[in-house]
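Q: Numbering follows the working numbering, in which position 136 of the sequence shown is assigned residue number 139; successive positions increment by one, without gaps. Note that the Cβ used here is the ideal one computed from N, Cα and C, for glycine as well. There's a structure below that I have some questions on.
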Amino acid sequence: MGKPELIIIGASEHAKVVIDIFEKSDSYKLIGLIDTFKPTGFEVADNYVLGDEHSISALLNQYPDLHYFIAIGDNWVRAQVYEKIQLLFPDLPLATAIHPSAQIAKHVRIGAGTVIMAGAIINSDTTIGIGCIVNTKASIDHDGNMGNFSSLAPGATLGGKVQVGNYTAISIGGIIKHGITIGEHSVIGAGALVLKDVNSCCVAYGTPAAAVRTRTIGEPYL
4 MGKPELIIIG ASEHAKVVID IFEKSDSYKL IGLIDTFKPT GFEVADNYVL GDEHSISALL
64 NQYPDLHYFI AIGDNWVRAQ VYEKIQLLFP DLPLATAIHP SAQIAKHVRI GAGTVIMAGA
124 IINSDTTIGI GCIVNTKASI DHDGNMGNFS SLAPGATLGG KVQVGNYTAI SIGGIIKHGI
184 TIGEHSVIGA GALVLKDVNS CCVAYGTPAA AVRTRTIGEP YL
């Protein structure tokens, strides 16, 4: 039986990394990219935009075992695209991307649509939700939880039993102490050291990290 076919939604720099992971894992046959804002034929890492989301219907007729992956870095935008695809194509399976060099312990649960990048470490009894990003050399210690569409930037470090809320982003090099809870839709700044809980819809940074302002749901942060 052949490998299932795959389309990647998004044709940005983030897509380059995702393409590389799928090519290295060799679990799907990548047939191209879907992007509303790039012209058909636009090239990313030797793969080409086939059209926008309305092109998926024709692809499903051609490839009945088609899967998809959303390669969009912004957590809220990724979630909105997911909701749109679910509405248009509710039976279209969502793939997961795991780099072969990632270290994943026993009893780790990883939601569909998540990407685990090169050198990432995920320790025992951790749960990662739908559509998350665990970026290059990020680490999550035991019994952690990442909510749906949350993200860890390169080199972010979570201690044991850390809870990260839905849509929350931990920026590059952020360090979260054991047992901390961070609410939904929050952003932890680059290099921050988080020693106490952080509320939802909060921007926090510094060493030690402190809340500097509130943020609105869907506010850009990349």
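1) Which residue marks the beginning of the alpha helix (DSSP H) containing ILE175, and which one marks its end?
2) Report yes if the C-beta distance between ALA195 and ALA212 is below 8 Å; otherwise report no.
3) Exposed or buried, what is PHE40 when buried is set at 16 or more other beta-carbons lying within 10 Å of its beta-carbon?
4) Exposed or buried, which one is LEU161 when buried takes at least 16 other CB atoms within 10 Å?
5) For LYS140, tell me which candidate among ILE133, GLN166, SER174 and ILE11 has the shortest Cα-Cα distance.
6) Which residue comes first and which comes last in the beta strand (DSSP E) that contains ARG216?
7) Tell whether a beta-carbon distance below 8 Å holds between ILE124 and GLN106.
8) I need the boundaries of the alpha helix (DSSP H) containing ASN78, first residue and last residue.
9) What residues in its chain sit with their C-beta under 6 Å from that of THR184, if we drop five residues either side in the sequence?
10) How about GLY168 and SER189: are their beta carbons less than 8 Å apart?
11) How many angstroms separate the CA atom of VAL84 from the CA atom of ALA14?
12) Can you give me the C-alpha to C-alpha distance between ALA18 and HIS145, rounded to a whole angstrom?
A: Reading from the atomic positions:
1) Numbered from 1 along the sequence shown, position 172 holds the residue referred to as residue 175. It is not in any alpha helix (DSSP H) - ILE175 carries neither H nor E in the DSSP assignment.
2) What you label residue 195 is simply residue 192 of the sequence shown in a count that begins at 1. What you label residue 212 is simply residue 209 of the sequence shown in a count that begins at 1. Judged by their CB atoms, ALA195 and ALA212 are nearer to each other than the 8 Å cut-off.
3) Taking the first residue of the sequence shown as position 1, residue 40 is located at position 37. Exposed.
4) Translated into positions along the sequence shown, residue 161 becomes position 158. Counting Cβ neighbours within 10 Å, LEU161 comes out buried, since at least 16 surround it.
5) By one-based count along the sequence shown, residue 140 stands at place 137. Ranking the options by Cα distance to LYS140, first place goes to SER174.
6) Sequence index remark: in the sequence shown, residue 216 carries index 213 (1-based). First-last of the beta strand (DSSP E) with ARG216: 213–217.
7) Your numbering for residue 124 matches position 121 in the sequence shown. Your numbering for residue 106 matches position 103 in the sequence shown. In terms of Cβ geometry, ILE124 and GLN106 form a close pair [threshold 8 Å].
8) Locating residue 78 in the sequence shown gives position 75, counting from the first residue. It spans 78–91 - the alpha helix (DSSP H) in which ASN78 sits, taken as one unbroken run.
9) Mapped onto the sequence shown, residue 184 falls at position 181. Answer for THR184: GLN166 and ASP200, listed in chain order.
10) Position 165 of the sequence shown, counted from the start, is the residue given in the question as residue 168. Position 186 of the sequence shown, counted from the start, is the residue given in the question as residue 189. Yes.
11) For the purposes of this step, residue 84 is taken as residue 81 along the sequence shown, with counting starting at 1. For the purposes of this step, residue 14 is taken as residue 11 along the sequence shown, with counting starting at 1. Whole-angstrom Cα-Cα distance: 13 Å.
12) Along the sequence shown, one-based indexing puts residue 18 at 15. Along the sequence shown, one-based indexing puts residue 145 at 142. If you draw a straight line from the Cα of ALA18 to the Cα of HIS145, it comes to about 29 Å.
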